[in-house]
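The block underneath contains the structure these notes are about, expressed in structure tokens.
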Amino acid sequence: MLQLSNIFSSANLCLKRVGVYGLLSIAFAPGFASAAIDKEAYQQCITESVAPAEDWFSAQPIKRACTALYDNSSMLSDDDIGYYQCIIQYMPTANNKVAVKEIEDECNDQHRSLFN
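Residues are numbered in my numbering as their position in the sequence shown, beginning at 1, plus a constant of 13.
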């Protein structure tokens with residue numbers, strides 16, 4: 014219990030040091046503001062891409078891809094965007110863990126490989 018309370022007090026101290034201005038600067042950072050703009054596109058991505066997914070194992074990479082593309086897109090390279098679009102396009106057809114892994118590997122090879 015003592016260690017856990019030390020962790021919480023350390024976290025509280027860090028928050029006090031950051032202060033209100035630090036939190037406001039994070040809240041109004043360019044990437045943070047753009048996430049609200051793409052909320053509708055994110056919801057559409059989830060609705061259209063996760064719904065047809067065969068199971069939980071194929072739905073999770075699709076959800077991560079939608080999040081990356083529509084909540085964090087300002088942080089992505091062109092290769093990352095291509096990778097996540099590939100996941101959204103092909104992952105709904107995966108019906109087992111092996112297929113999910115194969116699709117992730119193929120999308121990675123096509124879009125993030127050093128040899129492209």
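All C-beta atoms in this analysis are idealised placements derived from N, C-alpha and C, irrespective of residue type, glycine included. Everything numeric in this text was worked out from a predicted model, so none of it was measured.
Shown here, Asn121 sits in a helix according to DSSP, grouped into three states. When only Cα atoms are considered, Gln98 and Pro65 end up about 16 Å apart.
The three-state reading of DSSP puts Ala107 in coil, since its state is none of H, G, I, E or B.
In the DSSP assignment, Glu53 falls within the alpha helix (DSSP H) that extends over 52 to 58.
Taking a C-beta distance under 8 Å as the contact criterion, Leu82 and Cys58 qualify as a contact pair.
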